[in-house]
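*Asks:*
Number of protein chains: 2
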Amino acid sequence: MSGAGQPLHSFAAILAWLAQQQQQQTQTVTQIPLAELDQWQMGGDPLRLAHRSGRFFTIEGLHVETDAGPTPVWDQPIIHQPEIGVLGIITSVFDGVRHYLMQAKIEPGNINGVQVSPTVQATFSNYSRVHQGAATTFLEYFVEPGPAQILIDHLQGEQGSRFLRKRNRNMVVALDADLARRLPMPDRFCWMTLHQIKALLRHDNVVNMDARSVLACIPTGYGQGHLESAAPHDFSFFDDSIPPAAHSPQPRGRHASRHTTDEIIHWLTDLRSRYHLHLAPRPLDGLDLWQFDGQSIHHTSGNIFSVIAVAVATHTREVQRWTQPLLQHPGHGLNGFLMQRIDGVVHLLVRACIYPGNREIFELGSTVSRSDVELHFGRPDAPRYLDLFRRPPPAWIHYAAVQSEEGGRFYHYQNHYMILELPPDMQLDPSPIHRWMSLAQLQDFVRHGYVNIEGRNLLACLDLAAPRGGEHGLH
Amino acid sequence: MSGAGQPLHSFAAILAWLAQQQQQQTQTVTQIPLAELDQWQMGGDPLRLAHRSGRFFTIEGLHVETDAGPTPVWDQPIIHQPEIGVLGIITSVFDGVRHYLMQAKIEPGNINGVQVSPTVQATFSNYSRVHQGAATTFLEYFVEPGPAQILIDHLQGEQGSRFLRKRNRNMVVALDADLARRLPMPDRFCWMTLHQIKALLRHDNVVNMDARSVLACIPTGYGQGHLESAAPHDFSFFDDSIPPAAHSPQPRGRHASRHTTDEIIHWLTDLRSRYHLHLAPRPLDGLDLWQFDGQSIHHTSGNIFSVIAVAVATHTREVQRWTQPLLQHPGHGLNGFLMQRIDGVVHLLVRACIYPGNREIFELGSTVSRSDVELHFGRPDAPRYLDLFRRPPPAWIHYAAVQSEEGGRFYHYQNHYMILELPPDMQLDPSPIHRWMSLAQLQDFVRHGYVNIEGRNLLACLDLAAPRGGEHGLH
Numbered sequence: 001m002s003g004a005g006q007p008l009h010s011f012a013a014i015l016a017w018l019a020q021q022q023q024q025q026t027q028t029v030t031q032i033p034l035a036e037l038d039q040w041q042m043g044g045d046p047l048r049l050a051h052r053s054g055r056f057f058t059i060e061g062l063h064v065e066t067d068a069g070p071t072p073v074w075d076q077p078i079i080h081q082p083e084i085g086v087l088g089i090i091t092s093v094f095d096g097v098r099h100y101l102m103q104a105k106i107e108p109g110n111i112n113g114v115q116v117s118p119t120v121q122a123t124f125s126n127y128s129r130v131h132q133g134a135a136t137t138f139l140e141y142f143v144e145p146g147p148a149q150i151l152i153d154h155l156q157g158e159q160g161s162r163f164l165r166k167r168n169r170n171m172v173v174a175l176d177a178d179l180a181r182r183l184p185m186p187d188r189f190c191w192m193t194l195h196q197i198k199a200l201l202r203h204d205n206v207v208n209m210d211a212r213s214v215l216a217c218i219p220t221g222y223g224q225g226h227l228e229s230a231a232p233h234d235f236s237f238f239d240d241s242i243p244p245a246a247h248s249p250q251p252r253g254r255h256a257s258r259h260t261t262d263e264i265i266h267w268l269t270d271l272r273s274r275y276h277l278h279l280a281p282r283p284l285d286g287l288d289l290w291q292f293d294g295q296s297i298h299h300t301s302g303n304i305f306s307v308i309a310v311a312v313a314t315h316t317r318e319v320q321r322w323t324q325p326l327l328q329h330p331g332h333g334l335n336g337f338l339m340q341r342i343d344g345v346v347h348l349l350v351r352a353c354i355y356p357g358n359r360e361i362f363e364l365g366s367t368v369s370r371s372d373v374e375l376h377f378g379r380p381d382a383p384r385y386l387d388l389f390r391r392p393p394p395a396w397i398h399y400a401a402v403q404s405e406e407g408g409r410f411y412h413y414q415n416h417y418m419i420l421e422l423p424p425d426m427q428l429d430p431s432p433i434h435r436w437m438s439l440a441q442l443q444d445f446v447r448h449g450y451v452n453i454e455g456r457n458l459l460a461c462l463d464l465a466a467p468r469g470g471e472h473g474l475h
Numbered sequence: 476m477s478g479a480g481q482p483l484h485s486f487a488a489i490l491a492w493l494a495q496q497q498q499q500q501t502q503t504v505t506q507i508p509l510a511e512l513d514q515w516q517m518g519g520d521p522l523r524l525a526h527r528s529g530r531f532f533t534i535e536g537l538h539v540e541t542d543a544g545p546t547p548v549w550d551q552p553i554i555h556q557p558e559i560g561v562l563g564i565i566t567s568v569f570d571g572v573r574h575y576l577m578q579a580k581i582e583p584g585n586i587n588g589v590q591v592s593p594t595v596q597a598t599f600s601n602y603s604r605v606h607q608g609a610a611t612t613f614l615e616y617f618v619e620p621g622p623a624q625i626l627i628d629h630l631q632g633e634q635g636s637r638f639l640r641k642r643n644r645n646m647v648v649a650l651d652a653d654l655a656r657r658l659p660m661p662d663r664f665c666w667m668t669l670h671q672i673k674a675l676l677r678h679d680n681v682v683n684m685d686a687r688s689v690l691a692c693i694p695t696g697y698g699q700g701h702l703e704s705a706a707p708h709d710f711s712f713f714d715d716s717i718p719p720a721a722h723s724p725q726p727r728g729r730h731a732s733r734h735t736t737d738e739i740i741h742w743l744t745d746l747r748s749r750y751h752l753h754l755a756p757r758p759l760d761g762l763d764l765w766q767f768d769g770q771s772i773h774h775t776s777g778n779i780f781s782v783i784a785v786a787v788a789t790h791t792r793e794v795q796r797w798t799q800p801l802l803q804h805p806g807h808g809l810n811g812f813l814m815q816r817i818d819g820v821v822h823l824l825v826r827a828c829i830y831p832g833n834r835e836i837f838e839l840g841s842t843v844s845r846s847d848v849e850l851h852f853g854r855p856d857a858p859r860y861l862d863l864f865r866r867p868p869p870a871w872i873h874y875a876a877v878q879s880e881e882g883g884r885f886y887h888y889q890n891h892y893m894i895l896e897l898p899p900d901m902q903l904d905p906s907p908i909h910r911w912m913s914l915a916q917l918q919d920f921v922r923h924g925y926v927n928i929e930g931r932n933l934l935a936c937l938d939l940a941a942p943r944g945g946e947h948g949l950h
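Heads up: the sequence lines are chains A and B, in that order. Residues in the first sequence are numbered from 1 upward in steps of one, following the working numbering. Residues in the second sequence are numbered from 476 upward in steps of one, following the working numbering.
#1: If you drop the 5 nearest sequence neighbours on each side, which residues of the same chain put their C-beta closer than 7 Å to that of Trp492 of chain B?
#2: Could you pull out every residue in the same chain whose Cβ sits closer than 6 Å to the Cβ of Leu287 of chain A, ignoring the five residues on either side in sequence?
#3: Quick one, which residues of the segment 902 to 922 of chain B are near chain A if we go by CB-CB under 8 Å, in chain order?
#4: With H, G and I counted as helix, E and B as strand and the rest as coil, what does DSSP make of Leu934 of chain B?
#5: Near Phe235 of chain A, which residues of its chain fall below 6 Å by C-beta distance, leaving aside the five closest residues on each side in sequence?
#6: Using a 10 Å radius around the Cβ and a threshold of 16 neighbouring Cβ atoms, would you call Val787 of chain B buried or exposed?
#7: Which residues mark the beginning and the end of the alpha helix (DSSP H) in which Arg644 of chain B is found?
#8: Report yes if the CB atom of Asn585 of chain B is closer than 8 Å to the CB atom of Val877 of chain B, and no otherwise.
#9: Could you tell me which of B:Lys580, B:Arg931, B:Leu483 and B:Glu511 sits nearest to Ala494 of chain B, measuring between CA atoms?
#10: What does the Cβ neighbour count give for Pro70 of chain A, buried or exposed, with the cut at 16 atoms within 10 Å?
#11: Beta carbons nearer than 8 Å to chain A: which residues of the segment 739 to 761 of chain B have them?
#12: Between the C-alpha atoms of Ala460 of chain A and Phe163 of chain A, what's the straight-line distance to the nearest angstrom?
#13: With a threshold of 8 Å between beta-carbons, can Arg573 of chain B be considered close to chain A, or not?
#14: Whole-angstrom Cβ separation of Ile836 of chain B and Tyr892 of chain B, contact assumed at under 8 Å?
#15: Check whether the Cβ atoms of Ala476 of chain A and Leu175 of chain A sit closer than 8 Å, and answer yes or no.
#16: Determine the DSSP secondary structure at Tyr874 of chain B, reduced to helix, strand or coil.
#17: In this structure, does DSSP put Thr261 of chain A in helix, strand or coil?
#18: Does DSSP put Leu493 of chain B in a helix, in a strand, or in coil?
#19: Against Leu630 of chain B, what residues of chain A qualify as contacts under a CB-to-CB distance less than 8 Å, listed in chain order?
#20: Since Asn810 of chain B sits in a beta bridge, which residues does DSSP pair it with?
#21: Once DSSP output is grouped into helix, strand and coil, what is the label at Ser748 of chain B?
#22: Can you tell me whether Gly882 of chain B is buried or exposed, with buried defined as 16 or more other CB within 10 angstroms of its CB?
#23: Measure from the alpha carbon of Leu200 of chain A to the alpha carbon of each residue in A:Ala13, A:Phe410 and A:Ile78, then state which is nearest.
#24: Locate the alpha helix (DSSP H) running through Tyr860 of chain B, then write down its first and last residues.
#25: Taking DSSP as the reference, what is the three-state secondary structure of Phe142 of chain A?
#26: Using only the alpha-carbon positions, how far apart do Asp570 of chain B and Pro392 of chain A sit?
#27: Pick from A:Ala382, A:Thr314 and A:Ile90: whose alpha carbon is nearest that of Glu140 of chain A?
#28: Any idea what DSSP makes of His773 of chain B, helix, strand or coil?
#29: In angstroms, rounded to a whole number, what distance separates the CA positions of Leu557 of chain B and Leu764 of chain B?
#30: Pick out whichever of B:His734, B:Thr541 and B:Pro593 has its Cα sitting closest to the Cα of Thr612 of chain B.
#31: Quick one: does Arg169 of chain A have its CB under 8 Å from some CB of chain B?
#32: Consult DSSP for Leu509 of chain B and reduce its assignment to one of helix, strand or coil.
#33: Where does Val548 of chain B land, buried or exposed, given buried means 16+ other C-beta within 10 angstroms?
As structure tokens, this is what we get:
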């Protein structure tokens with residue numbers, strides 16, 4: 001359990017494995033008219049797009065009314081997939097170093113083919129096939145863990161702007177090293193340490209969205225700097241490369257966090273009580289300001305996503321050829337956290353976010369999250385704090401990279417991910433929908449399901465052990 | 476802030492005040508046929524019972540299907556009231572002793588007239604009237620707190636078997652003693668300490684359901700015995716009658732709780748993922764096994780609640796005469812917790828509960844909670860652990876009293892509330908839907924909204940400082 005050992009693979013070897021997987025797993029993705037989808041059809045009342053088998057997901061029309069935010073009424077398509085999938089990572093400790101088993105996986109919407117993914121990504125359809133053979137590789141360790149020890153098992157949401165109340169199980173299970181070494185291991189799997197994954201996260205579009213979502217559920221940061229150490233002690237075994245002494249929680253002063261947990265809960269309760277969100281179904285061909293033709297379903301402004309269709313041919317999946325709908329996004333969005341050390345404790349500026357597909361009207365997210373960011377820079381109607389992300393001083397840049405969202409549902413959808421560390425003495429204008437939360441506090445709220453996928457995905461990129469500064473910027 | 480002071484009123488004076496209020500606030504409640512309700516009418520599609528103004532609540536028909544539990548399909552009426560009300564208590568410290576401002580309040584369904592209630596019980600209809608005068612007394616300290624400090628503000632659910640996803644804000648706000656002493660104070664209000672309220676809770680039907688719900692959100696137990704002391708330290712000021720030294724959290728060992736918080740979350744995630752609950756609206760006159768006539772809506776078995784109507788005349792409310800529907804329950808139910816000191820730490824046996832009106836398919840509740848308890852004692856289909864509550868050894872009885880549920884919605888609905896402390900060496904057969912949770916752990920889950928009203932209401936009765944044993948029993 002000491003930090004004496006070495007990772008199984010060097011970082012260079014991992015990059016070489018990934019390059020090899022990139023060559024071995026190839027696909028051809030061609031946009032086709034919506035009307036030419038095979039096995040998918042428009043039907044039902046109200047009209048929706050669904051697979052003939054009833055499986056996978058549907059795309060439905062939604063009418064939204066809310067008294068929170070600048071837009072009181074709008075229509076939009078939304079993805080509906082009420083089943084709960086599994087996003088799971090197997091972990092094991094080899095020679096005193098904890099490793100995570102990652103998979104190189106290709107998805108039709110990925111801009112670059114293969115990305116580093118969890119050990120398992122399974123829909124409930126895969127999941128329920130477990131007992132009939134042909135199961136997803138390694139799925140059994142999550143569904144009927146047997147010798148595996150379940151460390152993390154959270155229900156966590158997907159994009160509330162694009163999915164209707166969708167949740168997945170985000171899981172981490174531990175295997176004994178002897179058992180883990182004997183696993184039959186297809187080439188597309190690779191063991192790596194958390195530090196190695198964090199290093200991959202500094203590259204554009206290498207670690208996929210589902211992996212980031214699961215990684216965000218692993219509390220990290222122990223011994224990595226000026227961190228509040230009161231994070232749940234249950235997790236101290238997660239990073240065995242850190243000396244045991246660093247795991248001991250230090251006494252926490254009453255004001256280690258800028259706000260108490262009860263203050264945060266009060267703030268959210270007040271927002272959740274004061275505002276309303278009303279949803280009503282609408283037919284896909286009757287959405288206000290959306291054009292529905294045989295080609296796609298697109299917003300008349302051109303600034304919001306479209307529903308498109310693709311034909312996929314791949315050498316690496318069970319089904320070799322299929323067609324499916326995807327959501328296509330114009331341009332790059334922004335997903336940004338402001339960070340600050342308050343009395344030496346790392347805090348993140350969290351936003352209370354309302355999206356139509358949220359299970360709770362307000363959930364916690366990153367400081368700024370916009371898919372149409374270019375339209376707002378420098379404008380008076382810009383979201384609060386957006387302009388800080390435009391040309392930040394290099395010394396503020398804790399993290400900056402471009403990351404892809406879920407390639408099984410989104411076509412080439414990328415966001416600028418940025419974490420800016422503000423100087424300790426810098427004061428921001430207050431905002432009624434933002435609060436500073438300490439990292440340990442935010443991690444505790446993650447496990448209770450308060451934090452949306454934008455917030456979790458960016459939290460996964462936080463690496464307090466990494467070198468600071470850089471030359472990144474959005475323009 | 477020391478514990479040197481005395482309560483404002485002796486316990487005898489509080490009982491005298493309550494007796495006086497019982498005489499001053501009187502009502503006449505007469506059952507009438509449903510068809511004779513004034514201002515309430517059947518209408519809509521599907522058919523439901525609603526107030527002509529659109530305010531208050533509706534009673535709707537529901538078809539329920541689930542693969543969890545012994546009954547896969549049933550119909551039932553359910554109360555629908557989507558607005559969020561306020562249940563709030565004002566607290567202040569006089570002469571070093573913390574007091575809570577309670578109200579003697581009469582409700583049409585109360586079996587005994589007046590009960591001790593929170594400072595404020597306000598529906599959103601009251602709530603939104605704040606700016607137009609005629610507001611509920613003291614409501615302003617909860618809605619626009621001004622000089623008040625908000626200590627607790629949780630969204631908490633009501634009975635999921637009777638209410639459709641209903642939640643209220645459960646609040647505690649602190650006022651400075653100088654301000655609190657100057658409050659204009661109608662006779663029906665009285666300051667009392669938490670210990671005095673806990674003593675009232677040992678009497679039958681004295682403290683109402685809403686008060687119990689709010690009290691359960693106040694972590695207590697510091698210095699009151701062999702208690703895990705790692706409860707949220709933010710609350711250490713809640714009971715100033717306890718010496719300050721007792722507030723200091725003791726170092727918590729890794730195994731202070733029988734299960735880690737992550738193990739509890741995994742258990743719940745697994746249940747929430749594996750089982751399904753499907754609801755569909757039905758007309759009130761088309762519910763399978765329910766009889767709908769002009770008199771009431773009742774189940775053919777006679778063992779489930781009925782929807783009845785009452786005419787109310789009272790001298791103590793703004794509206795002096797009105798009619799309204801209520802839910803009437805036959806017999807007494809049981810709400811029971813098993814408690815055990817595990818390695819010296821107080822634990823409660825928590826059940827994962829599924830009810831149609833739950834916001835989450837499974838929520839945490841008491842060990843046993845049944846409205847039709849008499850039907851099950853001693854039978855093979857009895858709920859797990861029920862029979863332990865039938866004739867428990869007197870030495871096990873930590874708490875036993877009869878308590879009323881919400882008299883604004885339920886007619887004479889009472890439950891036996893029992894907390895049994897098992898001997899430390901007693902082993903129970905395991906149950907897939909029960910887990911031992913330490914008191915501090917359960918209190919943390921309360922503030923994150925996991926715990927249902929049955930669990931919270933019984934938790935409010937827990938008083939580790941009280942004398943043990945007794946001669947109570949159900950029969």
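Glycine included, C-beta positions come from ideal geometry on N, C-alpha and C.
*Replies:* Looking at the atomic coordinates:
#1: To locate residue 492 of chain B, count along the second sequence from 1; it is residue 17. Cys665.
#2: For this step, residue 287 of chain A is matched to residue 287 along the first sequence. Answer for Leu287 of chain A: Gly61 and Asp75, listed in chain order.
#3: Arg922
#4: The residue labelled residue 934 of chain B in the question sits at position 459 within the second sequence. In the three-state reduction of the DSSP assignment, Leu934 of chain B falls in the helix class, which pools H, G and I.
#5: Here residue 235 of chain A refers to the residue found at position 235 when the first sequence is read from its first residue. The pLDDT assigned to Phe235 of chain A is 37, lower than 50, so where the model puts this residue is not dependable; a value taken from the coordinates is nonetheless given after this. Result list for Phe235 of chain A: Pro219, in chain order.
#6: Numbered from its first residue, the second sequence carries residue 787 of chain B at position 312. Buried, since its Cβ has 16 or more Cβ neighbours within 10 Å.
#7: Walking along the second sequence from the start, residue 644 of chain B turns up at place 169. Premise fails: Arg644 of chain B lies in the beta strand (DSSP E), Arg642 to Ala649, not in any alpha helix (DSSP H).
#8: What you label residue 585 of chain B is simply residue 110 of the second sequence in a count that begins at 1. What you label residue 877 of chain B is simply residue 402 of the second sequence in a count that begins at 1. No, Cβ-Cβ distance for Asn585 of chain B and Val877 of chain B is not below 8 Å.
#9: As a position in the second sequence, residue 494 of chain B is number 19, starting the count at 1. Per the Cα distances, B:Lys580.
#10: Counting from one through the first sequence, the residue named residue 70 of chain A turns up at place 70. It counts as exposed.
#11: Answer in chain order: Ile740, His741, Thr744, Asp745, Arg747 and Ser748.
#12: Here the question's residue 460 of chain A lines up with position 460 in the first sequence. Here the question's residue 163 of chain A lines up with position 163 in the first sequence. So the alpha carbons of these two residues sit roughly 21 Å apart.
#13: Reading the second sequence from its first residue, position 98 is the one you call residue 573 of chain B. Closer than 8 Å: no.
#14: Reading the second sequence from its first residue, position 361 is the one you call residue 836 of chain B. Reading the second sequence from its first residue, position 417 is the one you call residue 892 of chain B. 26 Å between Cβ atoms; not a contact.
#15: Look at the range of chain A in this structure, 1 to 475, and you will see that residue 476 of chain A is not part of it.
#16: Here the question's residue 874 of chain B lines up with position 399 in the second sequence. It is a strand residue.
#17: Start at 1 with the first residue of the first sequence, and residue 261 of chain A comes out as number 261. Residue state, collapsed to three classes: helix.
#18: Counted from its first residue, the second sequence places residue 493 of chain B at position 18. Correct three-state label for Leu493 of chain B: helix.
#19: In the second sequence, residue 630 of chain B corresponds to position 155, counting from 1. Neighbours of Leu630 of chain B on chain A, chain order: Thr269, Arg272 and Ser273.
#20: Sequence index remark: in the second sequence, residue 810 of chain B carries index 335 (1-based). Answer is B:Ser844 and B:Tyr892, bridged to Asn810 of chain B.
#21: Taking the second sequence and counting its residues from 1, the one referred to as residue 748 of chain B is at position 273. Collapsing the DSSP output to three states places Ser748 of chain B in a helix.
#22: Here residue 882 of chain B refers to the residue found at position 407 of the second sequence. Classification of Gly882 of chain B: buried, given that the 10 Å Cβ count is 16 or more.
#23: Locating residue 200 of chain A in the first sequence gives position 200, where the first residue counts as 1. Among A:Ala13, A:Phe410 and A:Ile78, the Cα nearest to that of Leu200 of chain A is on A:Ala13.
#24: The residue you call residue 860 of chain B lines up with position 385 of the second sequence. First-last for Tyr860 of chain B: undefined, no H or E at that position.
#25: Residue 142 of chain A sits at position 142 when you count from the first residue of the first sequence. Correct three-state label for Phe142 of chain A: helix.
#26: Locating residue 570 of chain B in the second sequence gives position 95, counting from the first residue. Locating residue 392 of chain A in the first sequence gives position 392, counting from the first residue. Cα-Cα distance, rounded: 54 Å.
#27: Locating residue 140 of chain A in the first sequence gives position 140, where the first residue counts as 1. Nearest of A:Ala382, A:Thr314 and A:Ile90 to Glu140 of chain A, Cα basis: A:Ile90.
#28: Counting from 1 along the second sequence, the entry for residue 773 of chain B is found at position 298. Looking at His773 of chain B - three-state DSSP - the assignment turns out to be strand.
#29: The residue you call residue 557 of chain B lines up with position 82 of the second sequence. The residue you call residue 764 of chain B lines up with position 289 of the second sequence. According to the sequence shown, residue 557 of chain B is Pro rather than Leu. Using only the alpha carbons, I get a separation of about 27 Å.
#30: For the purposes of this step, residue 612 of chain B is taken as the residue at position 137 of the second sequence. Cα-wise, what sits closest to Thr612 of chain B is B:Pro593.
#31: Against the first sequence, residue 169 of chain A aligns to sequence position 169. Answer yes: the Cβ-Cβ gap between Arg169 of chain A and chain B drops below 8 Å somewhere.
#32: Position 34 of the second sequence, counted from the first residue, corresponds to residue 509 of chain B. Three-state result, Leu509 of chain B: helix.
#33: Taking the second sequence and counting its residues from 1, the one referred to as residue 548 of chain B is at position 73. If you draw a 10 Å sphere on the C-beta of Val548 of chain B, you find fewer than 16 other C-beta atoms in it, and that means exposed.
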